[in-house]
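Chains as they are written, first to last, in my numbering: chain L, 1 to 628; chain W, 629 to 715.
Backbone N, C-alpha and C fix where the C-beta goes; we use that ideal spot for every residue, glycine too.
These figures come from a predicted structure and were not determined experimentally.
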């Protein structure tokens, strides 16, 4: 986070307007792998006592002390041999996400000199409550523990919940613990922010699919870590990694994994697969591997460095020894140098950071829609920085596979990192609008997002299914003008439209509500959501409507005119002008979308509806897609 | 027979907490478990209760016990506890 907040306009210190009193009363619940309580990012220095509303406890286990920053801790991980029962972070992940959302501002932080800057959360004055559900012992996070964490976090009166956990795909609500917990959180006015998943760039991989969850995709920022490789013939190629190891530019002999094995076939040897490399052939050399996956294998066999190839060269990772990950072309450059040189040599340099003009671009790994459980709800909702984020870490966990180092700050990548960025923005927003409901917070962030375009990256061909409404813009989100509200009863009606009836609905809603005939007939796409999405049959003409209602949260009165930008969709908005004469006044409108019919290979068409009063610009994506 | 006795942790989701002030979630969960398992002590079965913000519990159950629970009026759904991943 040494650069991500500046990148999106949330400047450090006094350069950003804050409501410090309310911010200090804000509590962010972090459901993750626990926390490293001794980190400077979670120091309680300068904080007053916990907010009066706080109902939680500090039960972090032995040798675990809370403070006035880290005000709460609980753990739900099963008792396991060799693992102390505690809320302490054995994975580094929970410390990283907690500090991204609400960590103190800590100056002069770097990863061995790399990425130097001030690490801080979105709301440094806010408090943190930790709910540990993940541990290496269970190799992940148990869903019965996740549900218990929600049960406590809601009752403890946190203001927001950030959870960077998920499955490989969506599940029906009644079997999805994060959707269940988030529903009850929403009913109590608590917004849940969830990572979209890292199964991209394939479509229909987003696992967080409920409309009452705020689902976050990941993108890069304008700071990138690069690692140069200097070949013996003087040529330099640029690769990606966060390489803190200094080899002082010394060149070492190069060997290709394929020719460094005496026990495996070419295919496995090229990938430096475990058990393939012959230490006699790699010791003291730089090994070329067709994947970064097994770099630690090369290290174990005595290599001094590794050069790897990766298709998705858009992310730099930490490795346990010097590695540079090259694009296909650059990798082939090295291979052809090797094939044309008697004693090929090269040097892998220490990484450096560069200014990356092409940002934000959605990350290749970020999970994509369409939503497999509710086709007419666009997921992910929003995009935030997730690649190469430097934040707090736990010295109880290695910064990379087979790494002997231990650090208090590290670089991590994933939608796990973008999720707490949005949690920080949501909390920032809430300090200016404490009474806003979860859906209003979500709407404000979505309708004021930076537009992202499909053209800037090879992985963006999924456009809104990749980046949702666009990239979060914290400053604009404070003044959205209009918001799309969806209350608990709107969501109950939504569930009626999905045939949740009788017993289930009554039990979930907790009151004797049952579906009216009209609700049962309601279409999911008519949930008052800040984006509009519809799945249609391929190759058939379509004409469909979306019903929406906006609430005025701008100045007293405003006249908003509708404008539709974007492509091939025929869109009609009625009425085209909304007169909102007072604060909190609501106005409804319909959007009618028609088209000739999507060819099966034409995945989708999208446009944007913008309501503007000359000051505010309330932008919503409209997406129509066909599946075979 | 072995299959029949195979147990795994299931989450029994019972929806929102009833508004009745006299409702005691933990004793309700215990009595449901005793009924379904036929065992008076549920200590080895119960993994945890959900009782503060919504209603339910997690327990070691066989498949047939799961089916009985899923059909009960006060139960919304019964599904296996799984391992999710950090992202």
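Asked: Beta-carbon neighbours of residue 71 of chain L, restricted to chain W and to distances below 9 Å; Found: Neighbours of residue 71 of chain L on chain W: none; closest Cβ ~18 Å, over 9 Å.
Asked: Classification of residue 13 of chain L by the beta-carbon crowding that lies within 10 angstroms, buried from 16 upward; Found: exposed
Asked: Range of the contiguous beta strand (DSSP E) that encloses residue 292 of chain L; Found: From DSSP, residue 292 of chain L is part of no beta strand (DSSP E); its letter is neither H nor E.
Asked: Buried or exposed (CB count within 10 angstroms, at least 16 for buried), residue 76 of chain L; Found: buried
Asked: Cut-off 7 Å between Cβ atoms - residues of its own chain near residue 321 of chain L, not counting five sequence neighbours on either side; Found: 245, 299, 305
Asked: Residue 407 of chain L to residue 93 of chain L span [Cα, whole Å]; Found: 13 Å
Asked: CB contact check: residue 678 of chain W to chain L, cutoff 8 Å; Found: yes
Asked: Alpha helix (DSSP H) segment containing residue 10 of chain L, residue limits; Found: Segment: none, residue 10 of chain L is in no alpha helix (DSSP H) and carries neither H nor E.
Asked: Endpoints, the beta strand (DSSP E) within which residue 15 of chain L is located; Found: Segment: none, residue 15 of chain L is in no beta strand (DSSP E) and carries neither H nor E.
Asked: Residue environment, residue 661 of chain W, which counts as buried when at least 16 other CB atoms sit within 10 Å; Found: buried
Asked: Against chain L: residues of the stretch 637-657 of chain W by CB proximity under 8 Å; Found: 637, 639, 641, 642, 643, 644, 645, 646, 647
Asked: Contact set between residue 501 of chain L and chain W, taken where Cβ atoms lie within less than 8 Å; Found: Within chain W, no residue comes near residue 501 of chain L; the closest Cβ sits about 12 Å away, beyond 8 Å.
Asked: Rounded C-alpha distance that separates residue 337 of chain L from residue 233 of chain L; Found: 8 Å
Asked: Residues, ordered as in the chain, of the stretch 387-401 of chain L that lie near chain W by beta-carbon distance below 7 Å; Found: none
Asked: Euclidean distance between Cα positions of residue 153 of chain L and residue 182 of chain L; Found: 11 Å
Asked: Distance, residue 238 of chain L Cα to residue 284 of chain L Cα; Found: 22 Å
Asked: Status (buried if at least 16 other CB within 10 Å, exposed otherwise) for residue 647 of chain W; Found: exposed
Asked: Residues that DSSP places opposite residue 636 of chain W in a beta bridge; Found: W:689
Asked: Residue burial classification, residue 168 of chain L (beta-carbon count within 10 angstroms, cutoff 16); Found: exposed
Asked: Any C-beta of chain L under 8 Å from that of residue 689 of chain W; Found: no
Asked: Span of the beta strand (DSSP E) around residue 141 of chain L; Found: 140-142
Asked: Cβ contact check for the stretch 161-179 of chain L and the stretch 50-67 of chain L: 3 or more pairs under 8 Å; Found: no
Asked: Interface partners of residue 177 of chain L on chain W, CB under 9 Å; Found: 639, 641, 707, 709, 710, 712
Asked: Whole-angstrom distance between residue 409 of chain L and residue 438 of chain L, CA atom to CA atom; Found: 31 Å
Asked: Contact belief for residue 484 of chain L with residue 443 of chain L at Cβ below 8 Å, rounded distance in angstroms; Found: 4 Å
Asked: Residue burial classification, residue 615 of chain L (beta-carbon count within 10 angstroms, cutoff 16); Found: exposed
Asked: Spatially closest choice to residue 171 of chain L from L:334, L:373, L:190, by CA coordinates; Found: L:373
Asked: Residues of the stretch 503-526 of chain L with Cβ closer than 8 Å to any Cβ of chain W, in chain order; Found: 503, 504, 506, 507, 508, 509, 510, 511
Asked: Residue 441 of chain L beta carbon less than 8 Å from that of residue 532 of chain L; Found: no
Asked: Cβ contact (3+ pairs, closer than 8 Å) linking the stretch 548-559 of chain L and the stretch 581-594 of chain L; Found: yes
Asked: Assigned exposure category for residue 577 of chain L - 16 Cβ within 10 Å defines buried; Found: exposed
Asked: Residues that residue 109 of chain L bridges to, as DSSP identifies them; Found: L:117
Asked: Residue range of the unbroken alpha helix (DSSP H) whose run includes residue 241 of chain L; Found: Here residue 241 of chain L belongs to no alpha helix (DSSP H), and DSSP marks it neither H nor E.
Asked: Min CB distance residue 9 of chain L to chain W below 8 Å; Found: no
Asked: For residue 28 of chain L: DSSP bridge partner residues; Found: L:128, L:160
Asked: Inter-residue CB distance, residue 396 of chain L and residue 74 of chain L (contact presumed, cutoff 8 Å); Found: About 18 Å; that fails the 8 Å criterion.
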